[in-house]
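Visitor:
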Amino acid sequence: MKLSQLRILVAVAETETFSEAALNLDMSQSAVSHSISTLEDHLGVVLFSRGRHGARLTPVGDRIVNHARTILQQAEAIAREAELARGLQGGQVRIASFRSIAIHLLPAAIAQFKQHHPNIAVNLSEHDNYLQVEKALREGRADIGFTLLPAADDLDTWEVLENAYVALFPPAFKAAGPQITWAEVAQHPLIMPPADRIMMRDVYDHVQAHGYSLNVVSEVETDTTIVNLVAQGLGATILPRLAAEPIPERVQVFDLPEPLVRIIGAAVLGNGLHTPAIYAFLDVLKTLGSSMAIATQTAPLAKPA
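Following this note's numbering, the numbering of the sequence shown begins with 22 at its first residue and continues without gaps.
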């Protein structure tokens, strides 16, 4: 048996499909299927029941996958002990993030970290939302993750920055005053991310709490596309400021009538074995997060049409 076979076994057990496991492992489906078949031949038992429903663990497969998880956890502990022994002279830092942080904060953080620690590898994985980031931390696929605060009790967190939601209006929009009102937001046709996106739940709840509903005329997946549609005069939007950046000069940017802020933090597992490299990267994040917060607070809002 190989550790790679056990990782594939666990991945298929969690996804219950060979195709999704292959996607998560960055492998071909045929390679995943071959690995499981080889393992079954070696063990002399059937691990998965295959069919139109996908791949379900057999009773013996269910027992074996529990042992596989334990073995992988022990292998990870061995690797981390070796990293601790190497200190800041080698090893790696694995970071899990969502898009806006990956774009606006991490390139500078990684560059600064590599200047001081060139022998430490930094691996970055992007996820759709902070819940997926937290899952990566708990499953041992990441050392540092970015999430929203307050976070779950099993995570140790540090605040990195505050990311306020802003209202973006097209160039031709004429506000009644220097500050946008809820009535103006509610009346204007909006282009928004899908309502089931995690970052949108707080927006709809926030607006409804102030007695208004949004006039959403279109839902678009990509934040950059939404901002460019606003720039073309096709509607307005509400986005976290970092998700909206870079904002074209002609787009008008307003604070919400009542602020809505997401506090973004760096997180590690509370009882995990953390290397000096991880703490060194956290120090870089704290410094850059403070400078980004100052820059965001001083950025101009309500650009004139």
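Cβ atoms here follow ideal geometry from the backbone N, Cα and C, with glycine treated the same way.
All of these numbers come straight from a predicted model, not from anything done at the bench.
With a threshold of 16 other CB atoms inside 10 Å of the CB of alanine 316, please say whether the residue is buried or exposed.
Guide: Residue placement at alanine 316 is poorly supported in this model, since its pLDDT is 47, which falls under 50; the coordinates still yield a value, given next. With fewer than 16 Cβ atoms within 10 Å of its Cβ, alanine 316 is classed as exposed.
Visitor: Identify the continuous beta strand (DSSP E) that holds methionine 22 and give its terminal residues.
Guide: From DSSP, methionine 22 is part of no beta strand (DSSP E); its letter is neither H nor E.
Visitor: Output the boundary residues of the beta strand (DSSP E) element that contains phenylalanine 332.
Guide: Past the boundaries of the shown model lies residue 332; the chain is included only from 22 to 326, so the question cannot be answered.
Visitor: Specify the secondary structure class of glycine 82 as computed by DSSP and reduced to three states.
Guide: Secondary structure at glycine 82: helix, using DSSP grouped into helix, strand and coil.
Visitor: Which same chain residues, not among the five before or five after alanine 323, have their C-beta less than 7 Å away from its C-beta?
Guide: Summary for alanine 323: the model assigns pLDDT 46, below 50, so the residue's position carries little reliability; its value from the coordinates is reported in the next sentence. These residues qualify, in order along the chain: Pro199, Gln273, Val274, Phe275.
Visitor: To the nearest angstrom, how far is the alpha carbon of alanine 142 from that of proline 297?
Guide: 13 Å
Visitor: Quick check on the burial criterion: 16 or more other C-beta atoms within 10 angstroms. Buried or exposed for glutamine 318?
Guide: Model confidence at glutamine 318 stands at a pLDDT of 48, short of 50, so the residue's coordinates are unreliable; what they give is reported in the following sentence. Looking at its Cβ environment, which holds fewer than 16 other Cβ atoms inside 10 Å, glutamine 318 is exposed.
Visitor: Return yes when the Cβ of serine 118 is within less than 9 Å of the Cβ of histidine 138, no when it is not.
Guide: For histidine 138 and serine 118, no; Cβs fall outside 9 Å.
Visitor: Who are the Cβ neighbours of leucine 127 in its own chain at under 8 Å, not counting the five residues just before and after it?
Guide: Take leucine 127, set aside five residues on each side of it, and the residues of its chain with a beta-carbon closer than 8 Å to its own are Ile116, Ser118, Leu145, in chain order.
Visitor: Going residue by residue through the segment 188–276, where are the continuous beta strand (DSSP E) segments of at least 3 residues, counting only ones entirely within it?
Guide: Correct list: 211–213, 237–240, 258–261, 273–276.
Visitor: Starting from glutamine 113, follow its DSSP beta bridges and name the residues at the other end.
Guide: For glutamine 113, DSSP records a beta bridge to Ala142.
Visitor: Measuring CB atoms only, is the segment 174–194 touching the segment 281–292, in the sense that at least three cross pairs come out at less than 8 Å?
Guide: yes
Visitor: Give me the Cα-Cα distance between glycine 256 and alanine 196, rounded to the nearest whole angstrom.
Guide: 14 Å
Visitor: Report yes if the CB atom of proline 192 is closer than 9 Å to the CB atom of arginine 271, and no otherwise.
Guide: yes
Visitor: Tell me where the alpha helix (DSSP H) around valine 154 begins and ends.
Guide: 151–159
Visitor: So if DSSP puts isoleucine 92 in a beta bridge, which residue, or which two residues, is it bridged to?
Guide: Answer is none; isoleucine 92 lacks a bridge partner.
Visitor: Buried or exposed for glutamate 102, going by 16 or more other Cβ atoms inside 10 Å?
Guide: Per the 10 Å Cβ criterion, exposed.
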